[in-house]
Every structure is written in structure tokens, then in C-alpha cells.
Amino acid sequence: MKPVVKYILFVLFLLLVDQALKLWMYYSVVPNHNGSIDLIPGVFKLHYVTNPGMAFGMELGGSYGKVALTFFRIVAMIAIGYFLIKKSFTHSHNPILWALAAILAGAIGNLIDSVFYGVLLPGNSPDWAETPWFHGEVIDMFYFNWLDGFWPEWVPRLGGTYFLTPIFNFADACIFCGVVAILIFQKKFTELGNK
750 MKPVVKYILF
760 VLFLLLVDQA
770 LKLWMYYSVV
780 PNHNGSIDLI
790 PGVFKLHYVT
800 NPGMAFGMEL
810 GGSYGKVALT
820 FFRIVAMIAI
830 GYFLIKKSFT
840 HSHNPILWAL
850 AAILAGAIGN
860 LIDSVFYGVL
870 LPGNSPDWAE
880 TPWFHGEVID
890 MFYFNWLDGF
900 WPEWVPRLGG
910 TYFLTPIFNF
920 ADACIFCGVV
930 AILIFQKKFT
940 ELGNK
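For reference, each letter of the sequence shown is one residue, going 750 to 944 in my numbering.
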């Protein structure tokens with residue numbers, strides 16, 4: 750088996766888990782559980798929300814911003830995929846490639862939502878979108894609601910305002926874990942990769 754195959758299979762596995770969770774939330778949890786299931790009451794729940802932009806609901810603004818974000822995601826995926834394939838044939842250290850594969854899987858998962866979900870899932874694109882293509886909203890579901898509350902009064906500009914914990918999805922978790930692994934173990938990855 751070529752070295753790259755194991756990373757491609759890992760990406761496909763993570764992508765399958767991500768898409769299965771999102772579609773399960775859309776087709777089962779929303780109609781049958783009012784969009785929310787408490788897994789650990791008061792701490793963690795699966796809660797269906799759609800996100801028209803990027804992380805934490807941030808948007809670039811309007812139709813062109815959404816298309817620009819989608820274009821950026823495609824370019825980033827191509828760059829990460831190219832680097833992953835190229836480095837898998839060299840003596841690069843294995844763990845950094847697993848981290849890159851997780852990032853790639855997360856990027857592909859959220860890109861699928863943005864490009865196709867507006868067309869494939871009724872009600873999953875904003876009303877203002879000229880076309881549902883490239884305007885699908887990302888489905889988020891992981892919600893640690895025990896962190897919700899008010900900012901302390903002494904916090905500049907935020908004091909006294911309500912803080913709602915961001916809701917994220919499996920693809921976001923893949924990206925986050927991959928980036929954190931690279932940041933934390935960067936020196937070790939580099940040292941082991943040079944041996």
C-alpha cells in the first residue's frame with residue numbers, strides 16, 4: 750500500500766462521520782427531538798443550528814462574502830491536500846501528516862455543507878441568497894451549555910453581557926484538533942521528521 754493511502758482513508762473516515770452526524774441531525778433530531786438532545790443534562794447537548802459563515806457564526810458579508818469564503822476553503826484544501834500527498838512520499842514524520850489529514854477532512858466537510866447543502870437540504874440557505882449553490886449553511890451541533898453565562902462586570906467592553914458558548918460540528922473539531930496538535934508538538938514533529 751502506498752504511504753498516502755492511509756491518510757486518504759483517514760480523511761474519508763472523518764468525512765463520513767462528519768456528514769453522517771450532520772445529516773442525522775437534519776433528518777432525525779430536528780423533526781423528532783425539536784432540534785436538541787441532552788446527552789449530559791446541563792453540560793452537553795446535541796443542538797441543531799445552522800451557521801451561514803465561518804467559525805463562531807462570523808460572516809464576510811452577503812452573497813459575495815460567502816462565495817469568497819468558499820473559494821478560500823477550496824484553495825486551502827488544495828494546498829493542504831497537495832502538501833499532505835507530497836510529504837507522505839518523503840520521510841516526513843507521521844503524526845504531522847495525521848494532523849494535516851484531520852484538518853483536510855474538516856475543511857472538506859464544511860465545504861460540502863457550503864456548496865451543496867443549500868440545494869440538497871430544504872431551508873438550508875439564507876433567504877437573501879440569489880442561488881442555493883455555494884450558499885448552504887454549515888450544520889453545527891456540539892453545545893457545551895454549562896459555559897453559558899454573563900461576563901464579569903470588570904471585563905472591558907464585555908462586562909455584564911451574556912456569553913453564549915459557540916456551537917460547533919465534527920469538522921470544526923477535526924480542524925481544531927489538527928491545528929492544536931501541530932502547534933503543541935511542532936518542535937517534536939520537526940525534530941523527529943529530520944531524523
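C-beta: ideal position from N, C-alpha, C; glycine also.
Taking a C-beta distance under 8 angstroms as the contact criterion, Ile916 and Ile845 do not qualify as a contact pair. The straight-line gap separating the alpha-carbon atoms of Glu902 and Gly909 is approximately 5 angstroms. For Phe893, the secondary structure class from DSSP, reduced to helix, strand or coil, is coil. Scanning Pro752, Val928, Pro780 and Asn918 for the CA closest to the CA of Asn859 turns up Asn918. A residue is called buried once 16 or more other Cβ atoms fall within 10 Å of its Cβ, and Gly872, having fewer, is exposed.
Using a 10 angstroms sphere on the CB of Asn781, the tally of other CB atoms stays under 16, which defines it as exposed.
The C-alpha of Pro752 lies about 34 angstroms from the C-alpha of Met890. In the structure shown, Leu770 adopts helical secondary structure according to DSSP, grouped into three states.
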